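Chains D and U, in that order, give the protein sequences.
Position one of the first sequence corresponds to residue 382 (this note's numbering), numbered consecutively onward.
Position one of the second sequence corresponds to residue 75 (this note's numbering), numbered consecutively onward.
Even for Gly, the Cβ is constructed at its ideal location relative to N, Cα and C.
All figures in this text were calculated on a predicted structure; none of them were measured in a lab.
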Amino acid sequence: KAGVTQTPRYLIKTRGQQVTLSCSPISGHRSVSWYQQTPGQGLQFLFEYFSETQRNKGNFPGRFSGRQFSNSRSEMNVSTLELGDSALYLCASSADRTNTGELFFGEGSRLTVL
Amino acid sequence: SQQGEEDPQALSIQEGENATMNCSYKTSINNLQWYRQNSGRGLVHLILIRSNEREKHSGRLRVTLDTSKKSSSLLITASRAADTASYFCATAQGGNTPLVFGKGTRLSVIA
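If you want it as structure tokens, here you go:
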């Protein structure tokens, strides 16, 4: 079974631009979560989707958005990039309906904002 | 917001020694999970312990959970250089709330 796939793995943007990150979960997993990881803040929860519905949202500004498609693939978008958005963005999928099970992580998308 | 807080933030030991990392959390939980992250990579699930369990083993890993103290510990026995990584605890509260991670313990195992 293929693992969680995130694309792109690395990207460099400039302030004010926008970026879209993609995540393909493990086949059969309907829950996809996104986390932002920075050295200072650790792993911060962004949002979680289950069966195309946003089920949870973290404490991030509206510049951060996401969606999930009918095949469970998910995208997140960050508009009007700021220097502080530089981070490793991690996607995780789960077969669990209740958010109590194991998460399977992708390798992440490392975003650098100049 | 961070639910789990790991201690110590960093740990350096010799190969063959045991490594112990601790995690404290604030609210009641359904279960607590430990993950490992090699530098700049994704996280890998290690072990899950439910709130009604006190101890769990998996290979060289031993996890304990004390719900009265809201704390957990991860013990890695006979450590190897390949165990060098960051280790995170994560708490699951249930009720569809997301898994919340601590800031991690960075373990260095010196050969």
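Handout entry: Endpoints, beta strand (DSSP E) assigned at H410 (chain D)
Key = The residue you call residue 410 (chain D) lines up with position 29 of the first sequence. Here H410 (chain D) belongs to no beta strand (DSSP E), and DSSP marks it neither H nor E.
Practice task
At 3 residues or longer, and completely inside the segment 78-118 of chain U: list those beta strand (DSSP E) runs for me, N to C.
Solution key: 79-81, 84-88, 93-98 and 105-111
Handout entry: Local conformation of G465 (chain D) per DSSP, three classes
Key = One-based indexing of the first sequence puts residue 465 (chain D) at position 84. In this structure, G465 (chain D) counts as helix in the three-state DSSP scheme.
Exercise for the section: Answer with buried or exposed for K100 (chain U), where buried requires no fewer than 16 other C-beta atoms within 10 angstroms of its C-beta. Expected result: What you label residue 100 (chain U) is simply residue 26 of the second sequence in a count that begins at 1. Exposed, since its Cβ has fewer than 16 Cβ neighbours within 10 Å.
Problem - Same chain, Cβ closer than 7 Å to E488 (chain D), neighbours up to 5 away in sequence not counted - result: Taking the first sequence and counting its residues from 1, the one referred to as residue 488 (chain D) is at position 107. Once the five neighbours on either side are set aside, the close Cβ partners of E488 (chain D) are Q387 and R390.
Handout entry: Nearest to S453 (chain D) (by Cα), restricted to the options D:S432, D:A473 and D:P420
Key = Translated into positions along the first sequence, residue 453 (chain D) becomes position 72. Of the listed residues, the one whose Cα sits closest to S453 (chain D) is D:S432.
Exercise for the section: Inspect the beta-carbon positions of Q167 (chain U) and I121 (chain U) and report whether they are closer than 7 Å. Expected result: Within the second sequence, the letter at position 93 stands for residue 167 (chain U). Within the second sequence, the letter at position 47 stands for residue 121 (chain U). Going by C-beta atoms, Q167 (chain U) is not nearer than 7 Å to I121 (chain U).
Handout entry: Rounded distance between the beta-carbons of E79 (chain U) and K177 (chain U), thought under 8 Å
Key = By one-based count along the second sequence, residue 177 (chain U) stands at place 103. By one-based count along the second sequence, residue 79 (chain U) stands at place 5. The pair is a contact, with the Cβ atoms about 7 Å apart (cut-off 8 Å).
Exercise for the section: Please decide whether L462 (chain D) counts as near chain U, where near means a Cβ-Cβ distance under 7 Å. Expected result: Residue mapping note: residue 462 (chain D) aligns to position 81 of the first sequence, counting from 1. Not closer than 7 Å to any Cβ of chain U, the Cβ of L462 (chain D) fails to qualify, so no.
Exercise for the section: Given a cut-off of 7 Å, decide if S455 (chain D) and Y430 (chain D) are closer than it, judged by their beta-carbon atoms. Expected result: One-based indexing of the first sequence puts residue 430 (chain D) at position 49. One-based indexing of the first sequence puts residue 455 (chain D) at position 74. Taking 7 Å as the Cβ cut-off, Y430 (chain D) and S455 (chain D) qualify as a contacting pair.
Handout entry: Whole-angstrom distance between R134 (chain U) and N96 (chain U), CA atom to CA atom
Key = The residue labelled residue 96 (chain U) in the question sits at position 22 within the second sequence. The residue labelled residue 134 (chain U) in the question sits at position 60 within the second sequence. When rounded, the distance between both Cα atoms is 16 Å.
Problem - Cβ-based neighbour list, S182 (chain U), same chain, cut-off 8 Å, excluding 5 preceding and 5 following - result: Position 108 of the second sequence, counted from the first residue, corresponds to residue 182 (chain U). Taken in chain order, the residues that qualify are A84, L85, S86, I87 and T158.
Handout entry: Element boundaries [beta strand (DSSP E), containing R491 (chain D)]
Key = Position 110 of the first sequence, counting from 1, holds the residue named residue 491 (chain D). Here the beta strand (DSSP E) through R491 (chain D) covers S490 to V494.
Exercise for the section: May I ask you to verify whether the segment 140-155 of chain U touches the segment 472-479 of chain D, counting CB pairs closer than 8 Å and requiring at least 3? Expected result: no
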